Structure formats: structure tokens, C-alpha cells
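**Student:**
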Amino acid sequence: MVSFGCEDKNKTPIPEERICPQCGEEIEVFTVKGRVIEDAVCTCGYVIREEAPILTVQDIQ
Ligand SMILES: [Zn+2]
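The sequence shown begins at 914 in the working numbering and counts up by one.
1) Can you round the beta-carbon distance between T956 and E938 to whole angstroms, since I take them to be within the 8 Å contact cut?
2) Got a sec: does ligand 1 put a non-hydrogen atom nearer than 6 Å to the Cβ of E938?
3) First and last residue of the beta strand (DSSP E) that includes I967?
4) Skipping 5 residues on each side, what residues in its chain have a beta carbon closer than 8 Å to that of I967?
5) Specify the secondary structure class of T944 as computed by DSSP and reduced to three states.
Set out below in C-alpha cells:
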């Protein structure tokens, strides 16, 4: 059993649909707070790259 506290909530990856700019298909990516956390490859070969983390005051605390 896994329970998430307030701190973990923002770090739980959320699956999100993105539209491939190359073929228009939907690609499922995993995001944390809107940031893609791992590369996602479309069936056409296009890769949505992981986005670099942007540190905010909230992340440091
Ligand atoms: Zn594609």
C-alpha cells in the first residue's frame, strides 16, 4: 500500500497526452508539475525530450 503525503504529491509522475508535432498522433508522456520527466518516443520516431528541471524555492524547501 502506498500513501502520498503533501510533499510527495507534487513529485508523482502524471501521464499526459502530448500531440506529436511530426505526425499529429498522441504521445503519452510522464510529467511532474507540467515538466516532462522522461523521453517519450512516438510511433513515427519523433522523440519528446525530457525537460530540464527548473528549481524553484518550493523545490528546495
Ligand atoms: Zn509522431
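Ideal placement from N, C-alpha and C gives every residue a C-beta, glycine not left out. None of these values were measured; they are calculated from a predicted model.
**Tutor:** A quick look at the data gives this:
1) Beta-carbon to beta-carbon, T956 and E938 are separated by about 6 Å, close enough to satisfy the 8 Å threshold.
2) Set against 6 Å, the gap from the CB of E938 to the closest heavy atom of ligand 1 is smaller.
3) Counting along the chain, I967 falls outside any beta strand (DSSP E), and DSSP gives it neither H nor E.
4) The residues are R948.
5) In the structure shown, T944 sits in a strand (DSSP, three-state: E or B).
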